[in-house]
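Chemist:
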Amino acid sequence: MLKLKPCCECCAADLPPDSGAAMICSFECTFCSRCAHEHLHGKCPNCGGELLARPRRPASLLAKYPPSTERVVKPGGCPQAS
Ligand SMILES: [Zn+2]
Ligand SMILES: [Zn+2]
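The opening position of the sequence shown corresponds to residue -13 in our numbering, with each subsequent residue numbered one higher.
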């Protein structure tokens, strides 16, 4: 089951479980679509894997399967595009 992390690791933008802007890698490193495209070019900076759109969890299931509340943000923020 996905953890559904609450924010972008780069810019700390909120990414609620119903957000259509959340992008994840296979380890569920989580980024907003703006960082994923503009800074990361679709590639996870932690593991090198591809970033794909995170599926939304239906609101009716969030009470039983709540999203993670642990905010993970990289200390250095977004890597600059090279
Ligand atoms: Zn971001
Ligand atoms: Zn990753």
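Yeah, the Cβ is synthetic: ideal placement off N, Cα and C, and Gly gets one too. Computed from a predicted model, the values in this text were never measured in an experiment.
Any chance you could list the residues with Cβ under 6 Å from a heavy atom of ligand 2, keeping chain order?
Modeler: Here the residues come out as C11, F13, C15, C30, N32, C33 and G35.
Chemist: In whole angstroms, what separates the C-alpha of G35 from that of P52?
Modeler: Here the question's residue 35 lines up with position 49 in the sequence shown. Here the question's residue 52 lines up with position 66 in the sequence shown. For G35 and P52, the distance between alpha carbons rounds to 26 Å.
Chemist: What first and last residue would you give for the beta strand (DSSP E) that runs through C18?
Modeler: As a first step, residue 18 must be located in the sequence shown, where it is residue number 32. It spans T16 to C18 - the beta strand (DSSP E) in which C18 sits, taken as one unbroken run.
Chemist: Can you give the beta carbon distance from H25 to C(-6), rounded, assuming they're within the 8 Å contact cut?
Modeler: Walking along the sequence shown from the start, residue 25 turns up at place 39. Walking along the sequence shown from the start, residue -6 turns up at place 8. That belief does not hold up - the Cβ atoms of H25 and C(-6) are roughly 10 Å apart, past 8 Å.
Chemist: Would you kindly work out how many angstroms separate the C-alpha atoms of A(-2) and A45, rounded to a whole number?
Modeler: Taking the sequence shown and counting its residues from 1, one reaches residue -2 at position 12. Taking the sequence shown and counting its residues from 1, one reaches residue 45 at position 59. Each residue's Cα considered, the two are about 23 Å apart.
Chemist: Which same chain residues, not among the five before or five after L48, have their C-beta less than 8 Å away from its C-beta?
Modeler: Residue mapping note: residue 48 aligns to position 62 of the sequence shown, counting from 1. These residues qualify, in order along the chain: P3.
Chemist: Tell me the DSSP secondary structure of C33 in three-state form.
Modeler: As a position in the sequence shown, residue 33 is number 47, starting the count at 1. Note: C33 maps to coil in three-state DSSP.
Chemist: Is the beta carbon of E14 less than 8 Å from the beta carbon of K(-11)?
Modeler: Here residue 14 corresponds to residue number 28 of the sequence shown, with the count starting at 1. Here residue -11 corresponds to residue number 3 of the sequence shown, with the count starting at 1. Yes, these two residues count as a Cβ contact at 8 Å.
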